[in-house]
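Protein sequences appear in the order of chains G and W. Under the working numbering, residue 375 is the last one in the first sequence; the count climbs by one each step, no gaps. Under the working numbering, residue 1375 is the last one in the second sequence; the count climbs by one each step, no gaps. C-beta: ideal position from N, C-alpha, C; glycine also. Here the structure is a predicted model, which means the values were calculated and not measured. Notes to accompany the following structure.
Protein chains: 2
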Amino acid sequence: MKIKYDLLKKEKNTKARLGKIKTNYGTCLTPMFMPVGTRATVKGLTPEQVKDCGAGIVLSNTYHLWLRPGEDVVAASGGLHKFMNYNGPILTDSGGFQVFSLAKNKEKDITEEGVHFKSHIDGSSLFLTPEKSIEIQNKLDSDIAMSFDECPPASASYEYLKNSLERTLRWAKRGKNVHSNENQALFGIVQGGPYEDLRKLSAVETVKLDFDGYSIGGVANDGESKEDMYKAIDYSIPYLPEDKVRYLMGVGEPIDIIEGVIRGIDIFDCVLPTRIARHGQAFTKKGKINLNNKKFTTDFTPIDDNCDCYTCKNYTRGYIRHLITTKESLGGTLLSIHNIRFLIKLTEDIREAIKEDRLLEFRDQFIKNYEIKKK
Amino acid sequence: MKIKYDLLKKEKNTKARLGKIKTNYGTCLTPMFMPVGTRATVKGLTPEQVKDCGAGIVLSNTYHLWLRPGEDVVAASGGLHKFMNYNGPILTDSGGFQVFSLAKNKEKDITEEGVHFKSHIDGSSLFLTPEKSIEIQNKLDSDIAMSFDECPPASASYEYLKNSLERTLRWAKRGKNVHSNENQALFGIVQGGPYEDLRKLSAVETVKLDFDGYSIGGVANDGESKEDMYKAIDYSIPYLPEDKVRYLMGVGEPIDIIEGVIRGIDIFDCVLPTRIARHGQAFTKKGKINLNNKKFTTDFTPIDDNCDCYTCKNYTRGYIRHLITTKESLGGTLLSIHNIRFLIKLTEDIREAIKEDRLLEFRDQFIKNYEIKKK
């Protein structure tokens, strides 16, 4: 079967929704944060450690797996779940974002047919089309595939965005036409930058193509402001059907997750928790801390008070600082576990707040605590 | 209490022994392989993963912990077990080996008092003495401390080795005099290169100082031959008491472990299993394999048939090759788990062979399988 989304409850004071996604690899509740496993591995974590963080869906990257080891290798192993030993649901992105952000020297040639660009690994010439992206994802056999879209930079003009989203609509249709994996859902992506009419146009036309879920893209490319992000959501959500899941791509700052949920978003993904972990940073309820800071040398308390993650139950800031400063990989692993758990726990708390119609209070209290630390 | 060694059985056809070491953090059987956690972490593994490999004692490095984070930091956290969250027994080396192998530009000035050298991290001037080494280890609060010794290179002359081991004897005595941790055993180290009379002299005089266990050093410094290693063991063992444990430092090649046990050794340590893992190499019963080899791309079998480790139960050669070639740290973690388990399982099999007095057959069969692959 493909995925099935059930809307369980709408919050009274916001557009927030409590929902449930049924997949062939288990059922997850939304709002949800998806850890990112770019190359078929959430960096530094075993699948058991990912699951222990409370993870539902994990995201993996089509572009990276296309290049290495290749979708045919993954398919030969029995598909992505078997390949990476993750028996939970997996979403693959379309490769679009990576083509636009990782292409060597960012040189690319966008045609109606697809995108010509150079590999970020060896500079070889590559050509990705909507059909190819879907074919790769069909072979990877993820539970959710994403349509191939153009991700224009934040600096793109209205004119550019309009032409781009219209092409992305044509690409979405072409991708859908070749999609052939009966156990895989396919999501459409709404683009249009911070413009109300463009987001409306993109949402309405994408929904007409009847996807299994909808994503809002173009909010985390390079340099979009929070305001633009909120606009992109606010201008898109009214045109998305209530009975389909809504996914805000590439967003992982705690406050953005809360604000996204308030605006009607169900799922999020971001490399942030693992990326900042490898640089020694950790989320806490009072804001981020940097374990490279010398003051943590003899701090033998957990990263975050009352956190229920494996790291906080067993290790101290002082020890993790030692691992980070000596470049021991366990440091990144322990901080990644904490940071992923932090965001997943945040969505669990958000779900409780939605149940009790107190999400706005929850947001205000969260921000208040987070701000204390910032000063 | 300090550790307690019980000799359970002597093998009929060799000098191999089955034994038991009781520590404040649990009891382990010998022969045993100790994984190395240089900087209070077995590289890339959680303590649970280390334990799941069947590990008993873990080794950590005094020199590294002295420099970072400092023994006082470890002591303030509650000692090394608490600091690194390892509730099994820990052995710390003396720092001697690192002073001689890691000192910046290998510049060092060995005096009767101790060794002046430069930090491998920042080039700062350091001075390590037998007393200081023991004081650091007392504070680290490991279960077993090692005497501070000089580790001469394989190229050292007879004359040099004689003077060196005599000084090492004086250092051993000085260290023992300041040793003050009642829960920590202290081992002496036998030096003397490949010379029978020097090994005898060193062993006899070290035993006179009455340590809680004895180590054979100078077999894995830089470029000692296997022949020299076997000589070092054969010339030392006759003078070591039966009721104390015997530790061959820095040895981790499977065949060397078997040959060491046959010659009377009880415990071994080596960075080999984790170091080669990070470079993509894995032990198998048919010899080492290198997962960087392209032929493993679509090999969806486990690293080693019938291996009971977490890695072999859940992952394929193809997936691990993918992780190694894309430099994903999980690759090193999974191979480290396998390689550590491989050596620990080897010692478990050795123990079974000793019980049944068939260690020589076991060796011959092991070498035969291992050689097949080499061709």
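Chain W within 9 angstroms of residue i, Cβ atoms only
{"i": "G:Arg68", "result": "yes"}
{"i": "G:Ala103", "result": "no"}
{"i": "G:Lys375", "result": "Its pLDDT being 49, under 50, G:Lys375 is placed unreliably in this model, and the value from its coordinates should be taken loosely. Chain W contact via Cβ: absent."}
{"i": "G:Leu45", "result": "yes"}
{"i": "G:His64", "result": "yes"}
Boundaries (first-last residue) of the alpha helix (DSSP H) holding residue i
{"i": "G:Lys378", "result": "The structure shown has nothing for residue 378 of chain G, since chain G only spans 1 to 375."}
{"i": "W:Pro1035", "result": "Where W:Pro1035 is concerned, there is no enclosing alpha helix (DSSP H), although the beta strand (DSSP E) it sits in stretches over 1032–1035."}
{"i": "G:His179", "result": "It is not in any alpha helix (DSSP H) - G:His179 carries neither H nor E in the DSSP assignment."}
{"i": "G:Ser157", "result": "No alpha helix (DSSP H) holds G:Ser157; DSSP gives it neither H nor E."}
{"i": "W:Asp1305", "result": "Where W:Asp1305 is concerned, there is no enclosing alpha helix (DSSP H), given that its DSSP letter is neither H nor E."}
{"i": "W:Val1073", "result": "1071–1077"}
{"i": "W:Tyr1086", "result": "No alpha helix (DSSP H) contains W:Tyr1086, which DSSP labels as neither H nor E."}
{"i": "G:Tyr235", "result": "226–236"}
{"i": "W:Pro1047", "result": "1047–1052"}
Any chain G beta carbon closer than 9 angstroms to residue i
{"i": "W:Gly1280", "result": "no"}
{"i": "W:Arg1039", "result": "yes"}
{"i": "W:Val1073", "result": "yes"}
{"i": "W:Gly1332", "result": "yes"}
{"i": "W:Asp1122", "result": "no"}
Residues of its chain near residue i, where Cβ-Cβ distance is below 7 angstroms and the 5 sequence neighbours each way are ignored
{"i": "G:Lys375", "result": "Note that G:Lys375 has pLDDT 49, beneath the 50 cutoff, so the model's placement of it is unreliable and the number below is only indicative. Same-chain partners within the cutoff: there are none."}
{"i": "W:Ile1110", "result": "Glu1150"}
{"i": "W:Ala1203", "result": "Val1190, Ser1236, Tyr1239, Leu1240"}
{"i": "G:Arg199", "result": "Val190, Gly192, Ala232, Tyr235, Ser236"}
{"i": "W:Gly1217", "result": "Asp1149, Cys1151, Ile1189, Val1190, Gln1191, Met1249"}
{"i": "W:Phe1083", "result": "Ala1040, Val1074, Ser1077"}
Own chain, CB closer than 8 angstroms to residue i, minus 5 neighbours either side, in chain order
{"i": "G:Thr39", "result": "Strictly speaking, residue 39 of chain G in this sequence is Arg, with Thr absent from that position. Here the set comprises Ser60, Asn61, His64, Leu65, Arg68."}
{"i": "W:Ile1354", "result": "Lys1009, Glu1011, Ala1016, Arg1017, Leu1018, Pro1031, Val1261"}
{"i": "G:Ile121", "result": "Leu67, Arg68"}
{"i": "G:Gln184", "result": "Lys2, Gln137, Asn138, Asp141, Ser142, Asp143, Ile144, Ala145"}
{"i": "W:Phe1362", "result": "Ile1258, Asp1349, Ile1350, Ala1353"}
{"i": "W:Val1219", "result": "Asp1228, Met1229, Ala1232, Ile1233, Leu1248, Met1249, Gly1250, Val1251"}
Beta strand (DSSP E) segment containing residue i, residue limits
{"i": "G:Cys270", "result": "267–270"}
{"i": "W:Tyr1310", "result": "Taken as a continuous stretch (DSSP letters only), W:Tyr1310 belongs to no beta strand (DSSP E), being part of the alpha helix (DSSP H) at 1310–1314."}
{"i": "W:Leu1007", "result": "1004–1010"}
{"i": "G:Val58", "result": "58–60"}
{"i": "W:Lys1020", "result": "1017–1023"}
{"i": "W:Thr1325", "result": "Per DSSP, W:Thr1325 belongs to no beta strand (DSSP E); it is in the alpha helix (DSSP H), 1317–1325."}
{"i": "W:Leu1291", "result": "Counting along the chain, W:Leu1291 falls outside any beta strand (DSSP E), and DSSP gives it neither H nor E."}
{"i": "W:Ile1090", "result": "1090–1092"}
Proximal residues to residue i (C-beta, below 6 angstroms), its chain only, five neighbours per side dropped
{"i": "W:Phe1342", "result": "Phe1283"}
{"i": "W:Gln1137", "result": "Thr1062, Thr1092, Ala1145"}
{"i": "W:Gly1037", "result": "Val1058, Ser1060"}
{"i": "W:Gly1088", "result": "Tyr1025, Gly1026"}
{"i": "W:Ile1289", "result": "Ala1282"}
{"i": "W:Trp1171", "result": "Pro1130, Phe1148"}
{"i": "G:Asp364", "result": "none"}
{"i": "W:Ile1265", "result": "Arg1246, Leu1248"}
Heavy atom of the ligand NAP within 8 angstroms of residue i beta-carbon
{"i": "W:Ala1220", "result": "For the structure depicted, the ligand NAP is absent and the ligand set is empty, with no information on it obtainable."}
Return the residues of the region 296–330 of chain G that lie within a Cβ-Cβ distance of less than 7 angstroms from chain W, sorted by chain order. Listed by position along the chain: Thr297, Thr298, Phe300, Asn314, Tyr315, Thr316, Gly318, Tyr319, His322, Leu323, Thr325, Thr326, Glu328, Ser329, Leu330.
With 7 angstroms as the limit, tell me which residues of the region 1075–1098 of chain W have their beta carbon closer than that to any beta carbon of chain G; keep them in chain order. Residues passing the 7 angstroms Cβ filter: Ala1076, Ser1077, Phe1083, Met1084, Asn1085.
List in chain order: all unbroken beta strand (DSSP E) runs of 3+ residues lying wholly within the region 95–151 of chain G. Fully enclosed beta strand (DSSP E) runs of 3 or longer: 108–110, 115–118, 125–128, 144–146.
With 8 angstroms as the limit, tell me which residues of the region 211–231 of chain G have their beta carbon closer than that to any beta carbon of chain W; keep them in chain order. Within the region 211–231 of chain G, contact with chain W at the beta-carbon level (separation under 8 angstroms) is assigned to no residue.
As an exercise, report each continuous beta strand (DSSP E) stretch of at least 3 residues that is fully enclosed by the region 1167–1224 of chain W, in chain order. If we require 3 residues or more, the beta strand (DSSP E) runs fully inside the region 1167–1224 of chain W come out as 1185–1190, 1213–1216.
List in chain order: all unbroken alpha helix (DSSP H) runs of 4+ residues lying wholly within the region 1241–1270 of chain W. 1254–1262, all fully within the region 1241–1270 of chain W.
Near-chain W residues of the region 12–29 of chain G (beta-carbon distance less than 7 angstroms), N- to C-terminal order: The residues in question: there are none.
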